[in-house]
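A.B. asks: Protein sequence lines correspond, in order, to chains A and B. With numbering that gives the first Met the number 0 as the guide, the letters of the first sequence map in order to residues 0 to 245. With numbering that gives the first Met the number 0 as the guide, the letters of the second sequence map in order to residues 0 to 245. Here a beta-carbon is modelled for each residue, glycine too, at the ideal position from N, C-alpha and C. Can you read through this structure? Questions will come right after.
2 protein chains.
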Amino acid sequence: MLYQEQLETLIRQLQTELHQMHDRFMEEKDKFNKLEIKYKTLKEQLMQEKKLLRQIIDTSPNLIFIHDSDNRFVLVNQAVVQIYNTSIEKILGQKNDILGFNELDMSSLSQLKKESVLITQEFLVLPTKGTRSFEITRYIIEFKNFKNYTLCVCVDMTDDKLLEEKHDSSSKEQAKLREMISNFINITSHEFRTPLTTILSSTELLEKYGKDWTEEKAMFHLNRIQSSVQHMVLMLDNLLFLEDNI
Amino acid sequence: MLYQEQLETLIRQLQTELHQMHDRFMEEKDKFNKLEIKYKTLKEQLMQEKKLLRQIIDTSPNLIFIHDSDNRFVLVNQAVVQIYNTSIEKILGQKNDILGFNELDMSSLSQLKKESVLITQEFLVLPTKGTRSFEITRYIIEFKNFKNYTLCVCVDMTDDKLLEEKHDSSSKEQAKLREMISNFINITSHEFRTPLTTILSSTELLEKYGKDWTEEKAMFHLNRIQSSVQHMVLMLDNLLFLEDNI
């Protein structure tokens with residue numbers, strides 16, 4: 000009877016243990032389920048965050064990309080893909096010189112690390128648009144816990160540069176035009192004074208001595224006046240010709 | 000003895016069950032631990048993704064923000080915070096008119112939904128920089144599974160506009176200058192022809208009839224020549240005066 004009692008006690012113990020173990024199992028299962036819900040929420044959040052990041056960089060007309068300290072692309076936006084007529088898969092992991100970027104020399108890199116932003120003007124040869132002038136801004140950022148990744152934003156400045164150049168050349172042309180007028184007035188004014196002086200002196204001579212002169216001498220002065228006038232008419236014709244060439 | 004055998008069988012069953020339950024418990028615990036590691040990794044990833052997003056939008060000099068369909072800010076970058084001299088906390092949840100943005104009217108909004116991008120030129124009054132001219136690009140995006148959120152990117156175009164205006168006014172001035180020269184040459188050329196014609200005709204008359212004329216009549220024509228010359232000298236002086244005023 001004693002053995003039987005022992006057995007019964009063991010059974011009760013085992014039953015209690017089994018219940019406890021079952022409870023612990025259910026508890027653990029519950030913990031897992033709760034964590035699984037949190038995990039799914041977090042996964043959804045991460046997906047949204049990635050989507051938002053892509054939306055933000057892909058809506059930009061600027062070339063935006065991140066490369067590691069070995070100059071290999073780890074992120075590129077749609078603008079890069081479209082302008083270089085390629086795909087994200089083809090670019091990721093490649094060195095950035097495949098897009099024609101200058102390798103930064105050591106001095107600019109150390110400057111970049113110190114100042115954390117470096118702005119350069121570079122020409123890029125785009126397969127879709129030819130050679131364009133870019134303002135490239137490089138920022139040192141942290142990416143997946145690695146420091147010294149570089150975020151590059153390239154803004155196409157070609158049209159701005161063209162406008163600036165047009166403005167400069169227009170200013171220069173204007174200055175040239177002003178100088179031309181000034182020269183022209185100066186020369187005209189001096190070139191006209193000579194024949195006018197001639198006419199005046201001949202007229203004065205005719206006035207004073209004409210009546211005592213031989214016909215020949217008077218004729219000489221009248222011809223002088225006439226040729227001076229013709230010279231001035233010729234200059235005026237040249238003036239009109241000049242006007243057509245401004 | 001039969002009862003005792005039954006008890007022994009039950010004990011073996013219970014022990015087996017307890018072992019199984021323990022195994023299931025351990026399995027569940029293992030699943031939980033594995034999920035917990037994945038959860039932590041994901042959490043880290045989300046943190047990095049958020050950090051990357053902030054780094055990308057915060058390095059931009061452009062104003063970048065997202066507002067919901069009620070025009071309330073749900074994300075703003077550092078440029079907004081700095082230019083408006085405020086903080087992210089103060090702006091989030093506020094309506095975007097606090098920054099002086101135009102409320103979009105219904106027609107532009109429906110256009111925005113159809114075309115998914117709307118570009119406008121707007122003036123913004125910045126507390127730090129006064130009134131500046133912005134090109135504002137609005138994109139309809141999905142944000143936290145809500146559709147019809149708006150991503151706005153505002154690029155300060157003031158300096159470009161100024162350059163364009165300078166170029167325009169410089170072009171206009173140049174055209175004015177050309178017209179001025181043209182007018183000036185035309186007028187000069189015609190104004191000079193009249194006295195020259197007078198001189199020529201008086202000289203011709205003197206040449207043909209001078210010897211038969213009275214002294215008085217000859218003097219009249221010589222004076223006519225002289226006053227024509229004086230008139231031209233005066234015009235030349237005015238020309239030099241004009242030059243100083245170009």
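Please state whether DSSP places K128/B in a helix, a strand or coil.
C.D. replies: Coil, per DSSP.
A.B. asks: Beta-carbon within less than 6 angstroms of I224/A's beta-carbon, same chain only, minus the 5 sequence neighbours each way: which residues are those?
C.D. replies: Taken in chain order, the residues that qualify are I198 and S201.
A.B. asks: Do N84/B and P126/B have their C-beta atoms closer together than 8 angstroms?
C.D. replies: It is a contact, given that the beta carbons lie within the stated cut-off.
A.B. asks: Residues of chain A with CB under 7 angstroms from T77/B, in chain order?
C.D. replies: For the record, residue 77/B in the displayed sequence is Gln; it is not Thr. Residues of chain A passing the Cβ test: none, with the nearest at roughly 12 angstroms.
A.B. asks: In chain A, which residues lie less than 7 angstroms from L138/B when you measure between Cβ atoms?
C.D. replies: According to the sequence provided, residue 138/B is Tyr. The question's Leu does not apply to it. Those within 7 angstroms of Y138/B in chain A are T58.
A.B. asks: Return the Cβ separation of L176/B and Q173/A in integer angstroms, given the expectation that the two are a contact with Cβ distance under 8 angstroms.
C.D. replies: Correct: roughly 7 angstroms between the Cβ atoms.
A.B. asks: Of all the alpha helix (DSSP H) runs that stay within the bounds of the segment 41 to 121 of chain B, which reach a length of 4 or more residues?
C.D. replies: If we require 4 residues or more, the alpha helix (DSSP H) runs fully inside the segment 41 to 121 of chain B come out as 77 to 82, 87 to 90 and 105 to 114.
A.B. asks: Can F142/A and F31/B be called in contact, C-beta distance under 8 angstroms?
C.D. replies: Going by C-beta atoms, F142/A is not nearer than 8 angstroms to F31/B.
A.B. asks: Checking the sheet assignment: what are the DSSP bridge partners for D155/B?
C.D. replies: Paired residues: F133/B.
A.B. asks: Shorter than 8 angstroms from the beta carbon of Y83/B to some beta carbon of chain A?
C.D. replies: It does not; no Cβ of chain A falls within 8 angstroms.
A.B. asks: Have a look at H18/A and Q5/B and give me their C-alpha separation to the nearest angstrom.
C.D. replies: Cα to Cα, H18/A sits roughly 21 angstroms from Q5/B.
A.B. asks: Can you list, in chain order, the residues of its chain with a C-beta nearer than 6 angstroms to that of K28/B? Leave out the 5 residues immediately preceding and following it.
C.D. replies: Cβ neighbours of K28/B beyond the five flanking positions: none.
A.B. asks: Residues of chain B with CB under 7 angstroms from L51/A, in chain order?
C.D. replies: Those within 7 angstroms of L51/A in chain B are L52 and F142.
A.B. asks: Say the cut is 7 angstroms; is the CB of V79/A nearer than that to a heavy atom of the ligand HEM?
C.D. replies: For the structure depicted, the ligand HEM is absent and the ligand set is empty, with no information on it obtainable.
A.B. asks: Kindly list the residues whose CB is nearer than 6 angstroms to the CB of V116/A, restricted to its own chain and excluding five residues on each side of it in sequence; keep chain order.
C.D. replies: Same-chain partners within the cutoff: Y138.
A.B. asks: Pick out the complete alpha helix (DSSP H) segments inside the segment 197 to 244 of chain A, 4 residues or longer, and give them in chain order.
C.D. replies: DSSP runs (the alpha helix (DSSP H)) wholly in the segment 197 to 244 of chain A: 214 to 243.
A.B. asks: Please check if any C-beta of chain B sits within less than 8 angstroms of the C-beta of K165/A.
C.D. replies: Yes, contact with chain B.
A.B. asks: Whose C-alpha, out of L239/B, E164/B and N182/B, is nearest the C-alpha of N182/A?
C.D. replies: Ranking the options by Cα distance to N182/A, first place goes to L239/B.
A.B. asks: Starting from Q2/B, follow its DSSP beta bridges and name the residues at the other end.
C.D. replies: Residue identity differs from the one stated: residue 2/B is Tyr in this sequence, not Gln. None; Y2/B has no bridge partner.
A.B. asks: So, does the segment 118 to 125 of chain A touch the segment 73 to 81 of chain A, judging by three or more C-beta pairs under 8 angstroms?
C.D. replies: These segments do not touch.
A.B. asks: Interface residues of chain A around Q225/B at Cβ under 9 angstroms?
C.D. replies: Within 9 angstroms Cβ-Cβ: I198, L199, T202, E203 and E206.
A.B. asks: Can you tell me whether DSSP reads N147/A as helix, strand or coil?
C.D. replies: Reduced to three states, the DSSP call for N147/A is strand.
A.B. asks: Short of 7 angstroms in beta carbon distance, which residues of its chain neighbour K94/B, apart from the five on each side in sequence? Order them along the chain.
C.D. replies: These residues qualify, in order along the chain: N70 and R71.
A.B. asks: Between E4/A and chain B, is the shortest Cβ-Cβ distance under 8 angstroms, so that the two count as touching?
C.D. replies: Taking Cβ atoms only, chain B never reaches closer than 8 angstroms to E4/A, which makes this a no.
A.B. asks: Please tell me whether M105/B has its Cβ less than 8 angstroms away from any Cβ of chain A.
C.D. replies: Any reading at M105/B must be qualified, since the residue scores a pLDDT of 47, below 50, and its modelled position is unreliable; the value itself is stated next. For M105/B, the answer is no, since every Cβ of chain A falls outside 8 angstroms of its Cβ.
A.B. asks: Quick one: Cα of D159/A to Cα of S227/B, how far?
C.D. replies: Going by the C-alpha atoms only, they are around 56 angstroms apart.
A.B. asks: Which partner residues of I140/B appear in the DSSP bridge assignment?
C.D. replies: Beta-bridge pairing links I140/B to Y148/B.
A.B. asks: Is it right to say G209/A is buried, meaning 16 or more other beta carbons lie within 10 angstroms of its own, or is it exposed?
C.D. replies: So G209/A ends up on the buried side.
A.B. asks: Ordered along the chain, which non-local residues of its own chain (more than five positions away) have a Cβ less than 8 angstroms from that of H230/A?
C.D. replies: Excluding sequence neighbours, H230/A sits near P194.
A.B. asks: For E190/A, collect the residues of the same chain with a Cβ closer than 8 angstroms to its Cβ; drop the 5 residues on either side in sequence, then sort them by chain order.
C.D. replies: Closer than 8 angstroms at the Cβ level, and outside the excluded window around E190/A, lie M234.
A.B. asks: Measuring straight from C-alpha to C-alpha, what distance separates R192/A and H220/A?
C.D. replies: Each residue's alpha carbon lies about 18 angstroms from the other.
A.B. asks: Can you give the beta carbon distance from I63/A to V152/A, rounded, assuming they're within the 8 angstroms contact cut?
C.D. replies: With 8 angstroms as the limit, I63/A and V152/A qualify as a contact, their Cβ atoms being about 5 angstroms apart.
A.B. asks: So, is F145/A buried or exposed, given that buried needs 16 or more other C-beta atoms within 10 angstroms?
C.D. replies: F145/A should be labelled exposed.
A.B. asks: Would you say I10/B faces chain A, with C-beta separation under 8 angstroms as the test?
C.D. replies: Closer than 8 angstroms to some Cβ of chain A, the Cβ of I10/B qualifies, so yes.
A.B. asks: Taking 8 angstroms as the threshold (beta carbon to beta carbon), is L239/B in contact with chain A?
C.D. replies: Closer than 8 angstroms: yes.
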